[in-house]
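The structure appears right after this line, and notes come after that.
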Amino acid sequence: MSTTEYSQAYLNESRQRDLWAVSICFLVLETIAVGLRFLSKRLGRVKWGLDDVFILLGYGCCMTVAALGLNDVINGGSGLHEVRVLEMNPETLVTWGHMIIAIPLVYVFAVVFPKLAILHLFLSVFTDKRARLTCYLTAIVMLLNMVALFITGLLSCIPLSYYWTEAPGGHCININMYFRWAGFPNLLTDIVMLILPIPTVWALQLSTKMKWGVLVTFLLGSLGLISSLCRFIEFYLTDATVDGTWSATPLITWCMAECGIYLIAACLPLYRPLVRLFSRKKRSQTGTELTDTSDSKQGFNSTGSRASGRTHYKLGSVADDEEDALGLVSYTKVEQGAVQVQVERDATAH
500 MSTTEYSQAY
510 LNESRQRDLW
520 AVSICFLVLE
530 TIAVGLRFLS
540 KRLGRVKWGL
550 DDVFILLGYG
560 CCMTVAALGL
570 NDVINGGSGL
580 HEVRVLEMNP
590 ETLVTWGHMI
600 IAIPLVYVFA
610 VVFPKLAILH
620 LFLSVFTDKR
630 ARLTCYLTAI
640 VMLLNMVALF
650 ITGLLSCIPL
660 SYYWTEAPGG
670 HCININMYFR
680 WAGFPNLLTD
690 IVMLILPIPT
700 VWALQLSTKM
710 KWGVLVTFLL
720 GSLGLISSLC
730 RFIEFYLTDA
740 TVDGTWSATP
750 LITWCMAECG
760 IYLIAACLPL
770 YRPLVRLFSR
780 KKRSQTGTEL
790 TDTSDSKQGF
800 NSTGSRASGR
810 THYKLGSVAD
820 DEEDALGLVS
830 YTKVEQGAVQ
840 VQVERDATAH
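Sequential numbering from 500 applies to the sequence shown in this note's numbering.
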């Protein structure tokens, strides 16, 4: 098709800056999120577990998706209209085709590993048999879906090169249906994971305020539901087979965003030790500033040290001072495998 059929303004249109910005943004945010997660674990003296393996695998997959997206911009022509890419260098479409096949194959792993880390958190805390069974079943569904989508992606075109060459003798499945519905199981499992902690948390012997605090901490891991829904809508509205290099931009963008948000969301619940460190430093600085004006109003104990003003409200008991991945609770497993929950809050002594 001749480029003379299109206006120069049309040919000059570009979405490449958008893809550049999103790729770099999530490369940075994901690295910071994972780094802070492990720093927080170190501060809280939390031992490494299977969830850390899932986070690292998810991080590697997310980095790969972002790198493939950047390569598609640099060498594959994504973000430009296909007629312009053909005019500049038809061979560029080969690289674009490779990336469009590769990104979904990595994506199916990138969205599953962070969610497995969240399920591992649930299993570390839940003692109810039905809740634990639901966690295991959800994990199995995610893993089976991951394998099915990976195999489908490998067989989406026979040969795979037919997707970008359309050479005689080849054929493809309905690419739009594959792209659109590949993320639908994620939506379903996200909804399950959103609802799953509610009955368990609400059964705790806590005040309503405390229950909401614990519940919000759990639900931080379900933020990926929003990005998953946005991705599903974008893929449903976009025809990936028309003007492929142009239409690929929002599709790749939402793949990166969904993977990245899942990973970041899986890291957030573990930041409690880090938050406590900063809050203590802030209180310490505030106390230092007020020392000169408050000595006459503050009491001292028999050794001459100031009263701490810290009050603990506990439910259950904890074997050590280890912080878990929850924002407002600490837990420890007892011999029978049950979990004892401790809720701690600070109050000013009067």
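Note that the Cβ used here is the ideal one computed from N, Cα and C, for glycine as well. Model, not experiment: these values are computed from the prediction.
| query | For Glu-757, does the count of other Cβ atoms within 10 angstroms reach 16, so buried, or fall short, so exposed? | reply | buried
| query | Can you give the Cα-Cα distance for Thr-744 and Gly-575, rounded to whole angstroms? | reply | 8 Å
| request: Measure the alpha-carbon distance for Tyr-505 versus Trp-519 and round it to whole angstroms. | output: 26 Å
| task | Please state if the CB of Glu-512 and the CB of His-580 are separated by a distance shorter than 8 Å. | result | yes
| task | Please report the Cβ distance between Phe-553 and Pro-613, rounded to the nearest whole angstrom; I am assuming they are in contact, meaning their Cβ atoms lie under 8 Å. | result | 7 Å
| request: Can you grab the Cα-Cα spacing for the pair Asp-517 / Ile-732, in whole Å? | output: 19 Å
| One or two residues paired with Leu-579 in a DSSP bridge | Ser-513
| task | Would you list the residues sitting across from Cys-656 in a DSSP beta bridge? | result | Cys-671
| Extent of the continuous alpha helix (DSSP H) to which Leu-686 belongs | 683–694
| task | Give the range of the alpha helix (DSSP H) segment to which Leu-618 is assigned. | result | 611–624
| query | What's the call for Ala-765, buried or exposed, on a 16-neighbour Cβ count within 10 Å? | reply | buried
| said: How far does the alpha helix (DSSP H) with Arg-730 in it extend, from its first residue to its last? | reply: 723–736
| message | Suppose contacts are defined by Cβ-Cβ distances below 8 Å. Is Cys-634 in contact with Val-605 by that definition? | response | no
| query | Can you tell me where the alpha helix (DSSP H) with Tyr-662 in it begins and where it stops? | reply | 661–664
| request: Check the C-beta distance from Asn-685 over to Ser-721 and give it rounded, since I have them as a contact under 8 Å. | output: Between Ser-721 and Asn-685 the Cβ distance is about 12 Å, and since that is not below 8 Å, they are no contact.
| request: Tell me, please, whether the stretch 538–547 touches the stretch 563–571 by the rule of three or more beta-carbon pairs shorter than 8 Å. | output: no
| request: Identify whether Glu-504 lies in helix, strand or coil by the three-state DSSP scheme. | output: helix
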